[in-house]
Amino acid sequence: MNMTKKRKKNYLTDYLYILPAAAFVGIFFVSSILYTFYLSFFEWDGFSEKIFVGLNNYKNLFCDANFLISVRNTIIWVVCSLVTQVVLPLLFAILITRSSFLKFYKNIFYFPTALSATVGGMIMTTLLSTYGLPYLAGKWISPSLMRDWLSIPNVNTFIMIMTGIWQGIGLNMLLFISGLRNMDYTPVEASMIDGAGGLTLYTKVILPLLRPTIIVVLLMSLVNSFKVFDSIWVMTKGGPYRTSETLALTMYQESFIYNRLGSGAAIAIILTIVILIISYFNIKGTFKED
Numbered sequence: 018m019n020m021t022k023k024r025k026k027n028y029l030t031d032y033l034y035i036l037p038a039a040a041f042v043g044i045f046f047v048s049s050i051l052y053t054f055y056l057s058f059f060e061w062d063g064f065s066e067k068i069f070v071g072l073n074n075y076k077n078l079f080c081d082a083n084f085l086i087s088v089r090n091t092i093i094w095v096v097c098s099l100v101t102q103v104v105l106p107l108l109f110a111i112l113i114t115r116s117s118f119l120k121f122y123k124n125i126f127y128f129p130t131a132l133s134a135t136v137g138g139m140i141m142t143t144l145l146s147t148y149g150l151p152y153l154a155g156k157w158i159s160p161s162l163m164r165d166w167l168s169i170p171n172v173n174t175f176i177m178i179m180t181g182i183w184q185g186i187g188l189n190m191l192l193f194i195s196g197l198r199n200m201d202y203t204p205v206e207a208s209m210i211d212g213a214g215g216l217t218l219y220t221k222v223i224l225p226l227l228r229p230t231i232i233v234v235l236l237m238s239l240v241n242s243f244k245v246f247d248s249i250w251v252m253t254k255g256g257p258y259r260t261s262e263t264l265a266l267t268m269y270q271e272s273f274i275y276n277r278l279g280s281g282a283a284i285a286i287i288l289t290i291v292i293l294i295i296s297y298f299n300i301k302g303t304f305k306e307d
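Add 17 to the 1-based position in the sequence shown for my numbering, that's all there is to it.
Spelled out as structure tokens, the structure:
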């Protein structure tokens, strides 16, 4: 009986240690989500009285051309980021893991990641100004290239995606290097003895062993591409004519530029639901196979 009471006391003590963190998450995170969900059913400018509009905020979004452009741009960001920020870092990790210059390569690739998205956006904005790369391209290739590339619809989106890739490759590469170095090489050695090698060895043995790391990198790239904001705001502010906005930027514009907090809350809820659904199925699939 005494042992049972002692165990219960220990359990209570353990819960007391995590209580501050749980309270912090509950107050500042969960409550914010619930309030955003509540706000998405109202029309409100942040000052006057809230007007209940039901699902009208959601309906109006899908009739809004700017929102649909934002959805398209977000899908482009997600697809490009998932392909490049998984394939390229994995390829670089495989190439340099056993290199004698590994530390040098790691520092070179990780340096852009150490910069904030705002700083990275400012660097690229300077490079792509009419006195930067466009000026050189106009002088050496064609005068028609001597213009502000960030003011060209669609082109600016891909330029900003390349900026995100430049800043994201380093961290993902380090994760893959860590996965390769901590991997159990017993199945690899057995496969090599059986004659496997080259592409077959990587696709049939090494990549399946790296699956947990690949899932982590995929989820990180997915979430980051959905919530990208800083670099777009610095480089184009969603322009010209709101053609380079993503969902995160549209949410900010609707909420704090146009004072349509209900519409901005609706976008936030849609974005959250999409990320949660995709993350849930990815994580579920991973644990199911394990």
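Glycine included, every Cβ here is placed at the ideal spot set by N, Cα and C. These numbers were taken from a predicted model, which means no experiment stands behind them.
Are the Cβ atoms of T230 and G187 separated by less than 7 Å?
-> no
Going by DSSP, what residues sit across from I68 in a beta bridge?
-> E60
Alpha carbon to alpha carbon, how far is N83 from L33? Give it in angstroms, no decimals.
-> 48 Å
Distance between R228 and V103 (C-alpha atoms, nearest Å) = 12 Å
Member of V222, V100, S117 and I113 whose CA lies at the smallest distance from the CA of I178 = V100
In three-state terms, what does DSSP make of K254?
-> coil
Check whether F246 and L266 have beta carbons under 7 Å apart | yes
Supposed contact pair S98 and S280 - C-beta distance, whole angstroms, cut 8 Å | Not quite, the Cβ-Cβ distance comes to about 26 Å (not below 8 Å), so this is no contact.
Residues near I182 in its chain [Cβ-Cβ closer than 8 Å; skip 5 each side] = C97, S98, T101, Q102 and L105
In angstroms, rounded to a whole number, what distance separates the CA positions of G185 and L235?
-> 12 Å
What's the C-alpha gap between V251 and E262?
-> 12 Å
Over the uninterrupted alpha helix (DSSP H) stretch that includes V136, give me the two end residues.
-> A134 to L144
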